[in-house]
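**Student:** Dropping a structure here in structure tokens format, bear with me for questions.
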Amino acid sequence: MREIAYYEAKFEALDEIMAADERVHLINGTFLSLSPHRHVFQNLKEKYGERMIAPPISELGFCGLATGAAMAGLRPIVDLSTGSFIYEAWPQVANEAANAFSMSGGQTRVPVVFHLFHGLRGGGAAQHSGSPQAMLWNCPGLEIAIPSSPRDVKGLLKSAVASDNPTIFVDHTRLLDIRGEVPENDKPIPLGVAEIKRSGRDVTVVATSYTVQVALRAAATVAQQGIEIEVVDPRTLVPFDLPTILQSVEKTHRVVIADETHQSCGVAAEIAARIAESGFDKLKAPIRRVSTLDVPVSYSPPLEAHIGPSEGRIIDAVKATLA
Amino acid sequence: MILRKEKASEVLDLFRRMWLIRAFEEKASVLYAERQIAGLLHLSIGQEAIAVGACSLLHQDDYVFGGHRSHGHAIATGADINKLMAELAGRATGYCGGNGGSMHIVAKETGFITASGIVGGTIPLALGAAFAAKERKKGQLAVVFFGDGAGQAGAFHESLNIASLWQLPVIFVCENNGYAEFTPLSAHTKIERLAQHAKTYAIVASTVDGNDLFAVRAAMARAIKNCRNDKGPAFVECLTHRLRGHYEGDPAKYRELSQLATWKKQDPIARVERTLRKKKLATSQKLKAVEAQARALVEKAADFALSSPWPSPEAVDHAVYAEAK
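Note that the protein sequences, when read in sequence, are chains A and B.
Each residue of the first sequence is one higher than the one before, counting from 107 in this note's numbering.
Each residue of the second sequence is one higher than the one before, counting from 48 in this note's numbering.
Following this line, the structure appears as structure tokens:
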């Protein structure tokens with residue numbers, strides 16, 4: 107099968123989405139962040155320049171604009187670039203877009219995508235390393251897609267744009283250069299379908315976004331010690347595929363959840379609660395969380411490495427569930 | 048007062064629409080006192096000329112956005128008062144099935160796209176509708192109503208800048224009623240006229256007597272022409288006064304009684320009535336009948352609302368996410 111880079115898969119998705127539907131507009135344009143590959147984005151500009159808009163630094167204004175445009179029949183994709191910048195647009199995302207369908211009794215559909223890069227990126231410090239997806243998971247009405255592979259970024263972006271709901275598309279700059287199989291003419295990946303990224307019999311590691319890649323490295327390391335990790339990627343937080351995770355827990359009886367949001371009320375906390383509520387009888391050890399420690403993200407490289415869900419911390423947690 | 052452009056029958060229609068809003072809100076006030084309506088109820092009594100004046104010039108496919116004080120705006124677009132009253136009463140037959148209530152009215156069928164309980168919340172949304180309109184090139188436009196309190200919000204300033212920058216067909220209608228919730232404008236800003244902000248952002252602006260139906264219509268007509276001709280946004284500041292408190296039950300001790308009395312003389316409905324009489328365009332009998340008819344219609348709306356079923360608890364499960372069409 108064809109193997110391409112993550113950034114290429116994402117670019118392909120945007121190209122195919124823009125070609126297929128004239129209602130799609132791109133507002134702001136750092137979908138490949140400041141990566142050295144961002145020049146490929148220029149190709150899109152040449153083809154769809156009229157539907158690509160560079161707004162002023164007014165996140166509140168342009169996220170509201172995109173929400174209103176979606177209410178009026180367009181399907182905008184808004185790029186917030188750094189995840190923390192969505193806090194500037196919070197009222198429009200969390201209080202207008204998220205609520206509109208419900209508050210209108212189903213009269214108003216808001217097919218907008220808010221794209222952002224979350225997480226530890228190397229020197230981002232507290233204000234450029236945010237992972238707002240946990241807070242956003244607390245806003246019913248939003249869908250949340252969070253890819254971890256080239257195939258997923260392409261397939262999920264297509265489904266996010268096709269959805270009639272406001273969708274947060276949570277990306278990670280550390281994924282942009284990874285390579286993986288992406289079939290030509292691949293179908294969109296439906297929202298709400300988890301994927302087993304590696305099979306194993308001993309411990310289930312539920313991981314999201316870039317932490318899936320970290321978990322896969324941890325799995326390779328402990329495999330040499332005879333421990334088989336099963337890595338499960340929910341791929342979307344809303345809707346959430348609990349059955350696939352419970353099936354894995356049925357097999358392994360042990361769970362570690364690894365994710366870059368902060369620990370308290372974080373993504374891992376919610377997943378742990380759901381597994382405990384529905385699969386308590388399957389567990390032979392307490393569920394372990396490997397999240398970003400509950401401190402504002404530090405700037406200095408060793409401090410940043412210390413607080414994140416590293417391979418070492420995942421391995422320690424895996425071994426703790428087996429102890 | 049200008050009556051050159053409007054025909055008598057047209058003015059009578061506008062007068063009828065103003066009375067419908069007044070009667071609707073007076074009835075809502077009674078139902079609220081009887082605790083038939085939950086939450087907070089914000090009335091626009093005294094501001095009807097703006098809603099009716101502005102909306103009467105719009106097309107069916109234009110987009111209208113409101114705020115927390117928007118029963119009048121919805122009715123001015125032609126919203127069904129039965130469904131509106133049922134929404135206030137939290138019933139299944141309401142516009143939003145009881146999910147929205149007084150502050151979050153949506154009547155998509157008449158182009159009233161949405162209100163919002165957040166001051167300034169719909170201003171960026173209206174930009175979006177205007178953006179979509181500009182893309183379609185069919186001469187559509189968006190109108191957003193907000194109060195003077197929104198003029199101090201960040202969303203207001205970001206939106207004015209973007210609308211101007213991208214020349215979006217949006218009309219900002221500021222209902223400057225002198226109070227941001229419980230505080231006079233002078234306690235919130237040194238800017239006396241909100242239209243000044245529009246000028247800062249290079250947007251065509253005017254300030255008019257918001258209790259004069261004809262002045263509002265004239266200003267809106269100019270603003271609409273601007274938008275339809277793709278000449279960018281416009282700002283219409285309407286000076287007015289709400290004759291009630293911020294919400295029903297507000298003791299409104301921050302307001303001088305003498306001031307209230309002055310504004311009551313400027314009641315926009317009475318002013319239209321005086322014009323119609325003076326110009327001998329309608330008999331006293333006919334004018335009285337308009338009020339009586341409006342009151343009868345809202346009584347029926349109240350009966351419809353209160354006899355409607357409550358939403359079923361299961362309804363909430365289906366109301367959060369849209370299924371693909």
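For every residue, glycine included, the Cβ atom is placed at its ideal position computed from N, Cα and C.
1) Cβ atoms of PHE168 (chain A) and HIS221 (chain A): under 8 Å apart, would you say?
2) Quick test of your reading: SER265 (chain A) and PRO246 (chain A), contact by CB under 8 Å. State the CB separation rounded to the nearest angstrom.
3) In this structure, how does DSSP classify LEU132 (chain A) when only helix, strand and coil are distinguished?
4) Determine the contact status of ASP185 (chain A) and ALA371 (chain B), defining contact as a CB-CB distance below 8 Å.
5) According to DSSP, is MET158 (chain A) part of a helix, a strand, or is it coil?
6) Assign PHE147 (chain A) to one of two classes, buried (16 or more other C-beta atoms within 10 Å of its C-beta) or exposed (fewer than that).
7) In the structure shown, what three-state DSSP assignment does GLU383 (chain A) receive?
8) At 7 Å on the CB atoms, spell out the chain B contacts of PRO294 (chain A), in chain order.
9) Just the C-alpha distance for GLU295 (chain B) and GLU72 (chain B), rounded to the nearest angstrom, thanks.
10) What are the uninterrupted segments assigned as alpha helix (DSSP H) that are 4 or more residues long and contained completely in the segment 91-133 of chain B, given in chain order?
11) Please classify GLN319 (chain A) as buried or exposed, where buried requires at least 16 other C-beta atoms within 10 Å of its C-beta.
12) At which residues does the alpha helix (DSSP H) containing ILE68 (chain B) begin and terminate?
13) Can you tell me which of the three DSSP states CYS223 (chain B) falls into?
14) Just curious, the beta strand (DSSP E) that GLY170 (chain A) is in, first and last residue?
15) Check ALA364 (chain A) in the structure and name its three-state DSSP category.
16) Look up GLY158 (chain B) in the DSSP assignment and say whether it is helix, strand or coil.
17) In the segment 160-181 of chain A, which residues sit with their C-beta less than 8 Å from some C-beta in chain B, listed in chain order?
18) From the DSSP output, read off the bridge partner residues of GLY261 (chain A).
19) By alpha-carbon positions, which one of B:MET132, B:ALA266 and B:LYS246 ends up nearest to SER355 (chain B)?
20) Could you spell out the range, first to last residue, of the beta strand (DSSP E) harbouring VAL276 (chain A)?
21) Which residues in chain B have a C-beta closer than 8 Å to the C-beta of ARG215 (chain A)? List them in chain order.
22) Thinking just about the alpha-carbon of each residue, which of B:VAL153, B:ALA139 and B:TRP66 is nearest to the one in LYS335 (chain B)?
23) Buried or exposed: which applies to SER233 (chain B), given that a residue is buried once 16 or more other Cβ atoms fall within 10 Å of its Cβ?
24) Measuring CB to CB, does ARG82 (chain B) end up less than 8 Å from TRP357 (chain B)?
25) Kindly provide the ranges of any alpha helix (DSSP H) runs that are 4 or more residues long and lie completely inside the segment 301-339 of chain B, ordered along the chain.
26) Using the rule of at least 16 other Cβ atoms within 10 Å of the residue's Cβ for burial, across every protein chain shown, is MET107 (chain A) buried or exposed?
27) So HIS244 (chain B) contacts chain A; which residues on that side make the cut at Cβ distance below 9 Å?
28) So, with DSSP's three-state summary, where would you put PHE220 (chain A)?
29) Where ALA343 (chain B) and GLU361 (chain B) are concerned, what is the direct C-alpha to C-alpha distance, given to the nearest angstrom?
30) DSSP state of MET48 (chain B), grouped into three classes?
31) Keeping to the same chain, check which residues put their C-beta closer than 6 Å to that of GLN233 (chain A); ignore five residues upstream and five downstream.
32) Give the range of the alpha helix (DSSP H) segment to which ILE209 (chain B) is assigned.
33) Is it true that the CB of THR367 (chain A) sits closer than 8 Å to the CB of ALA240 (chain A)?
34) Output needed in chain order: residues of the segment 143-156 of chain B with a Cβ under 7 Å from some Cβ in chain A.
35) Could you tell me the boundaries of the alpha helix (DSSP H) in which ASP364 (chain B) lies?
36) What residues match up with ARG285 (chain A) in a beta bridge as DSSP calls it?
**Tutor:** Working from what's here:
1) no
2) Contact flag wrong, Cβ pair sits at about 19 Å.
3) Reduced to three states, the DSSP call for LEU132 (chain A) is strand.
4) no
5) DSSP places MET158 (chain A) in the strand class (E or B) of the three-state scheme.
6) buried
7) helix
8) The contacting residues do not exist; PRO294 (chain A) stays about 12 Å from chain B at best.
9) C-alpha separation (whole angstroms): 10 Å.
10) 95-102 and 118-123
11) So GLN319 (chain A) ends up on the buried side.
12) 55-80
13) Here residue 223 (chain B) turns out to be Asn, not Cys, going by the sequence shown. Looking at ASN223 (chain B) - three-state DSSP - the assignment turns out to be strand.
14) Secondary structure note for GLY170 (chain A): it is in no beta strand (DSSP E), and the uninterrupted alpha helix (DSSP H) holding it is 165-177.
15) DSSP places ALA364 (chain A) in the strand class (E or B) of the three-state scheme.
16) Here GLY158 (chain B) carries a coil assignment [DSSP, helix/strand/coil].
17) PRO161, PRO162, SER164, LEU166, GLY167, PHE168, CYS169, GLY170, LEU171, ALA172, THR173, GLY174, ALA175, ALA176, MET177, ALA178, GLY179 and LEU180
18) Note: GLY261 (chain A) sits in no beta bridge, so no partner.
19) B:MET132
20) 273-277 is the span of the beta strand (DSSP E), which, as asked, contains VAL276 (chain A).
21) ALA369
22) That would be B:TRP66, whose Cα lies nearest to the Cα of LYS335 (chain B).
23) Exposed is the label assigned to SER233 (chain B), since fewer than 16 other Cβ atoms lie within 10 Å of its Cβ.
24) Their beta carbons are not under 8 Å apart, which means ARG82 (chain B) does not touch TRP357 (chain B) by this criterion.
25) Whole alpha helix (DSSP H) segments, 4+ residues: 304-312 and 315-325.
26) exposed
27) Within 9 Å Cβ-Cβ: nothing; HIS244 (chain B) doesn't reach chain A, min ~14 Å.
28) Reduced to three states, the DSSP call for PHE220 (chain A) is strand.
29) 35 Å
30) For MET48 (chain B), the pLDDT reaches just 46, beneath the cut-off of 50, and the residue's location in the model is therefore unreliable, although a value from the coordinates is still provided. Three-state result, MET48 (chain B): coil.
31) SER190
32) 201-212
33) yes
34) CYS143, GLY144, ASN146, GLY147, HIS151, VAL153 and LYS155
35) For ASP364 (chain B), the enclosing alpha helix (DSSP H) has its first and last residue at 362-365.
36) A:ALA111, per the DSSP bridge assignment.
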